[in-house]
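Q: For reference, each letter of the sequence shown is one residue, going 0 to 438 in numbering that gives the first Met the number 0. One structure, as C-alpha cells, below. Some questions next.
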Amino acid sequence: MVQSVHVAVIGAGAAGLCAARELMREGHTVVVFEKSDQIGGTWKYDPLTESDPIGMDPTREVVHSSLYLSLRTNLPRQLMGFLDYPFPENRENGDPRTFPGHEEVLWFLNKFADDFGIRELIRFNREVLRIERVDGRNDKWVIQSKSRGGGGGDSLFQDFFQAVVVCSGHFTEPRIAQIPGIEKWPGFQIHSHSYRVPEPFRNQSVVVIGFGPSAFDISRDVARVAKEVHIATRNPNVKSAKLANHDNIWQHPMVKCASEDGLVVFEDGSSVSADVIFYCTGYKYNYPFLETNGIVTIDGNRVGPLYKHVFPPALAPWLSSSLQAIIFQKLELQSKWVARVLSGKVLIPTEKEMMNYVEEYYQRLENIGIPKHRTHYLYFEEVGYSQWLAKESGLPPVDKWRESMYAECMKKIGNMEDSYREQWDNAYWETIIKGESSH
Ligand code: FAD
C-alpha cells in the first residue's frame, strides 16, 4: 500500500530543494526548514568571512557558504542540472561558457524552486536546533527550531514529523592538515572556506595544501597577484617542479613541517619561505542538531552507520541524509529513492542486512587502505552508485556519458591540467554524448 508521510527537510540548498520536489511528487507532505533567508545554500555567495580564518574557534559566527568570487563550476553545464530539468545550454543573454559561474547556479536553483512550487514549502530564517525521536519511536520526530527575530528576540518552535531528511550541507566546517611546528610558524593561515578574492595575497609567497577542485582554482586565482604559489599535494607522483605555462606556480609533495623562521618544508626536503598557508583540505561533517542516542555518530569524519550513505539502518527509512552526493544528479536519484522508500513503493533490506552491508563496505575500504575520513567518497562505488540508485527506484539506467564526463573532469583537476574549462567547449562534449548514445 502506498502511504503518504509528513516529512521535514532540513536545508534549502540543492539537496533540500530536490528532496522536497521528489517527496512532493510521491504524495508526501513536506516542510523545509532553512536557517537563512534564501534558497541556494552553498551557491549563495557571501562576501563575509568568519573571524577565525581556519574555523577552529567554536565561538565564531559561522558563515555557511564557501564560494569564492571567481568560482566557476568544476563540472560542465550538462552535469550541473537535474536529470529531468537540465541546466540551460547557454543562459539567455548570459554566459555562453560550458562551465558557468556560481551566480548562474544560484539563478538555476531559484528557478527550479519556483517551477516546482517548492518556495511555498520553505520556512525561511528557521534554524533547526534539535532533531530527536519522540518516545523512542522511529516514525515520530520532534524538531525544535528558532526563528531569527527581526528587531526583537528569537522565537522558538516545536514541530512534529514522521520522517526527517537532513540536507544541511557539508562544506562549511573546515578540516585542516596537522603540520609539525605550525604553532611557532609566524605566517597567516587560512582555509579555503574563508577565501573570497585574491587581492589580500598580493606579492605574498603562498603555500596551498590540497589537490581537489578548490586547491586547483584557488592556486590559479591567487597566482594572478601573489609573488609565488606552491601547491603541496599527497599525490604520490608529484615531484617539486614549476608548473608548465606558469611563471609563479610550483607543485610539491606534501608539507613535512613549518618552522619559526617562516620556512615551510616539503617531504622531498625542498622548502620555501612563505607568508601564507592555504588549507584546501576539505570539510568536516557536522550535525550539531541531531540527537540519536548514539545511533548515528561521526567518527574520524565517517558518519555512520549509513546504508548506501543515506539511511542509518536502525532508523530507516524515517531518518535519511543526502550526505554523500555532491553532484545534483546524484542528489536527485537519492531523493527519488528516499521518497519511494517512504511511500512504500520501494523496499529496503532488513536492519541486519543493511548493517552487514555497511560493515562489509568498511572492511573493503580498510582492505585497500582508504582512511575513515574518506568513507563517503565512493571509491569503488563511484560508477555503479547512480545506476544502483536508478535501478532501485525503478528508473531507467543513467546515461553512461554522464559518468564519463564526471570522471574526465576529476582526472583533469587531479592532474592539475590547466585551461580544461576553456578547452572543453560545448562542441567537445556533444561529441562525447553522441559517441556514447550511438553505441
Ligand atoms: P548546501 O548547499 O550547503 O545547503 C545546505 C542548506 O542547509 C543551507 O541553505 C543552510 O543554510 C541550511 N542549513 C544548514 N544547517 C541548518 C539548520 N540547522 N537549520 C536550517 N537550515 C540549515 N558541486 C557541483 O555539482 N559542481 C560544482 O562545480 C561544485 N563546486 C563547488 C565549489 C565549492 C567551493 C563547494 C564548497 C562545493 C561545490 N560543489 C559543487 C558541491 C556543492 O556543495 C553541491 O553542489 C551542493 O550545493 C550541495 O547542496 P546541499 O543542499 O547538500 O548543501
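Ideal Cβ placement from N, Cα and C applies to all residues, glycine included. Note that the coordinates shown come from a computational prediction; the quantities given were computed from them, not determined experimentally.
(1) Using only CA atoms, which one of PRO179, ASN73, HIS169, VAL221 lies nearest to GLY12?
(2) Exposed or buried, ASP216, counting other C-beta atoms within 10 Å across all chains shown (16 or more means buried)?
(3) Using a 10 Å radius around the Cβ and a threshold of 16 neighbouring Cβ atoms, would you call ASP220 buried or exposed?
(4) Per DSSP, ASP158 is paired with what?
(5) Any contact between the segment 411-419 and the segment 351-371? By contact I mean 3 or more CB pairs, one from each, below 8 angstroms.
(6) Residues in its own chain within less than 8 angstroms of ILE347 by CB, not counting five upstream and five downstream?
(7) Mind checking whether GLU43 and LEU105 have CB atoms under 8 angstroms apart?
(8) Mind checking whether the beta-carbon of ASN73 lies closer than 7 angstroms to any heavy atom of the ligand FAD?
(9) In this structure, does DSSP put CYS408 in helix, strand or coil?
(10) At the level of alpha carbons, what is the spacing between ARG401 and TYR376?
(11) Which of the three DSSP states is assigned to HIS27 in this structure?
(12) Give the DSSP-derived three-state secondary structure of ILE217 in the structure shown.
(13) Specify whether the segment 44-56 and the segment 13-27 touch according to this definition: at least 3 beta carbon pairs, one from each stretch, less than 8 angstroms apart.
(14) Does the beta-carbon of LEU70, which I'm using as the reference point, lie nearer than 7 angstroms to any heavy atom of the ligand FAD?
(15) What are the start and end residues of the beta strand (DSSP E) that includes PHE187?
(16) From SER50 to THR349, what distance separates their C-alpha atoms?
(17) Which residue comes first and which comes last in the beta strand (DSSP E) that contains HIS101?
(18) According to DSSP, is ARG122 part of a helix, a strand, or is it coil?
(19) Buried or exposed, going by whether 16 or more other CB atoms sit within 10 Å of the CB of ILE130?
(20) Identify whether GLU352 lies in helix, strand or coil by the three-state DSSP scheme.
(21) Apply the 10 Å Cβ neighbour rule to SER437 and answer buried if 16 or more other Cβ atoms are within range, or exposed otherwise.
(22) Go ahead and label ALA14 buried or exposed: buried means 16 or more other beta carbons lie within 10 angstroms of its beta carbon, across all protein chains shown.
(23) Please state if the CB of ILE53 and the CB of ILE208 are separated by a distance shorter than 8 angstroms.
(24) Are the CB atoms of VAL345 and SER270 within a distance shorter than 8 angstroms?
(25) Given 7 angstroms as the limit, tell me if TRP423 has its C-beta closer than that to any heavy atom belonging to the ligand FAD.
(26) Within the continuous alpha helix (DSSP H) that includes LYS335, where are the two ends?
(27) Compare the beta carbon distance of VAL29 and SER342 with 8 angstroms and say whether it is the shorter of the two.
(28) Helix, strand or coil for LEU70? Go by DSSP, reduced to three states.
(29) With a threshold of 7 angstroms (Cβ to nearest heavy atom), would MET79 be considered close to the ligand FAD?
(30) Taking the straight line between their C-alpha atoms, what separation do you get for LEU332 and PRO185?
(31) Taking contact to mean at least 3 C-beta pairs separated by less than 8 angstroms, is the segment 121-140 in contact with the segment 151-165?
(32) Please report how far the alpha carbon of ARG71 lies from the alpha carbon of SER213, in whole angstroms.
(33) Quick test of your reading: ILE297 and TYR284, contact by CB under 8 angstroms. State the CB separation rounded to the nearest angstrom.
(34) Would you please state the rounded distance, in angstroms, between the beta carbons of VAL165 and SER320? I believe it to be under 8 angstroms.
(35) As a quick exercise: from LYS241, LEU262, ASN236, HIS245, pick the residue whose alpha carbon is nearest that of PRO252.
(36) Does the Cβ of MET404 have 16 or more other Cβ atoms within 10 Å, making it buried, or fewer, making it exposed?
A: With the given structure in hand:
(1) For the purposes of this step, residue 12 is identified with residue 13 of the sequence shown, where counting begins at 1. The candidate whose alpha carbon is nearest that of GLY12 is HIS169.
(2) Residue numbering aside, residue 216 sits at position 217 when the sequence shown is read from its first letter. Per the 10 Å Cβ criterion, buried.
(3) Taking the first residue of the sequence shown as position 1, residue 220 is located at position 221. Buried, since its Cβ has 16 or more Cβ neighbours within 10 Å.
(4) Walking along the sequence shown from the start, residue 158 turns up at place 159. Its beta-bridge partners are ILE142.
(5) no
(6) The sequence position of residue 347 within the sequence shown is 348, counting from 1. Contacts found: TYR306, PHE310, ALA315, PRO316, VAL340, MET353.
(7) Locating residue 43 in the sequence shown gives position 44, where the first residue counts as 1. Locating residue 105 in the sequence shown gives position 106, where the first residue counts as 1. For the record, residue 43 in the displayed sequence is Lys; it is not Glu. Yes. Within cutoff.
(8) Your numbering for residue 73 matches position 74 in the sequence shown. Answer for ASN73: yes, Cβ within range of the ligand FAD.
(9) If you number the sequence shown from 1, residue 408 lands on position 409. Looking at CYS408 - three-state DSSP - the assignment turns out to be helix.
(10) Counted from its first residue, the sequence shown places residue 401 at position 402. Counted from its first residue, the sequence shown places residue 376 at position 377. Roughly 18 angstroms between the two C-alpha positions.
(11) Counted from its first residue, the sequence shown places residue 27 at position 28. HIS27 falls in the coil class under three-state DSSP.
(12) Position 218 of the sequence shown, counting from 1, holds the residue named residue 217. In this structure, ILE217 counts as helix in the three-state DSSP scheme.
(13) no
(14) Locating residue 70 in the sequence shown gives position 71, where the first residue counts as 1. It does: the Cβ of LEU70 is within 7 angstroms (strictly closer) of some heavy atom of the ligand FAD.
(15) One-based indexing of the sequence shown puts residue 187 at position 188. Looking at the DSSP string, the run of the beta strand (DSSP E) that includes PHE187 is 187-190.
(16) Position 51 of the sequence shown holds residue 50. Position 350 of the sequence shown holds residue 349. When rounded, the distance between both Cα atoms is 46 angstroms.
(17) In the sequence shown, counting from the first residue as 1, residue 101 sits at position 102. Unbroken run through HIS101 is the alpha helix (DSSP H), 101-114; no beta strand (DSSP E).
(18) The residue labelled residue 122 in the question sits at position 123 within the sequence shown. DSSP places ARG122 in strand when its eight states are reduced to three.
(19) Numbered from 1 along the sequence shown, position 131 holds the residue referred to as residue 130. Counting Cβ neighbours within 10 Å, ILE130 comes out buried, since at least 16 surround it.
(20) Position 353 of the sequence shown, counted from the first residue, corresponds to residue 352. Helix, per DSSP.
(21) In the sequence shown, counting from the first residue as 1, residue 437 sits at position 438. Residue placement at SER437 is flagged as unreliable, the pLDDT there being 40, under the threshold of 50; the coordinate-derived value follows with that caveat. So SER437 counts as exposed.
(22) Here residue 14 refers to the residue found at position 15 of the sequence shown. With 16 or more other Cβ atoms within 10 Å, it is buried.
(23) Along the sequence shown, read from residue 1 onward, the residue named residue 208 stands at position 209. Along the sequence shown, read from residue 1 onward, the residue named residue 53 stands at position 54. No, these two residues do not count as a Cβ contact at 8 angstroms.
(24) As a first step, residue 270 is located in the sequence shown; it is residue number 271 there, counting from the start. As a first step, residue 345 is located in the sequence shown; it is residue number 346 there, counting from the start. The answer is no: Cβ separation not under 8 angstroms.
(25) The count along the sequence shown starts at 1 and reaches residue 423 at position 424. Checking every heavy atom of the ligand FAD against the Cβ of TRP423, none is found closer than 7 angstroms.
(26) Mapped onto the sequence shown, residue 335 falls at position 336. Start and end: 327-342.
(27) Here residue 29 is taken as the residue at index 30 of the sequence shown, counted from 1. Here residue 342 is taken as the residue at index 343 of the sequence shown, counted from 1. No, these two residues do not count as a Cβ contact at 8 angstroms.
(28) Looking up residue 70 in the sequence shown gives position 71. LEU70: coil per DSSP, three-state reduction.
(29) Mapped onto the sequence shown, residue 79 falls at position 80. Result yes, Cβ under 7 angstroms from the ligand FAD.
(30) For the purposes of this step, residue 332 is taken as the residue at position 333 of the sequence shown. For the purposes of this step, residue 185 is taken as the residue at position 186 of the sequence shown. Between LEU332 and PRO185, the C-alpha separation is close to 47 angstroms.
(31) yes
(32) For the purposes of this step, residue 71 is taken as the residue at position 72 of the sequence shown. For the purposes of this step, residue 213 is taken as the residue at position 214 of the sequence shown. Looking at the two C-alpha atoms, the distance is approximately 11 angstroms.
(33) What you label residue 297 is simply residue 298 of the sequence shown in a count that begins at 1. What you label residue 284 is simply residue 285 of the sequence shown in a count that begins at 1. The pair is a contact, with the Cβ atoms about 5 angstroms apart (cut-off 8 angstroms).
(34) For this step, residue 165 is matched to residue 166 along the sequence shown. For this step, residue 320 is matched to residue 321 along the sequence shown. Indeed they touch by this definition, with Cβ atoms about 4 angstroms apart.
(35) Your numbering for residue 252 matches position 253 in the sequence shown. Among LYS241, LEU262, ASN236, HIS245, the Cα nearest to that of PRO252 is on ASN236.
(36) Counting from one through the sequence shown, the residue named residue 404 turns up at place 405. By the neighbour-count rule (16 or more Cβ atoms within 10 Å), MET404 is buried.
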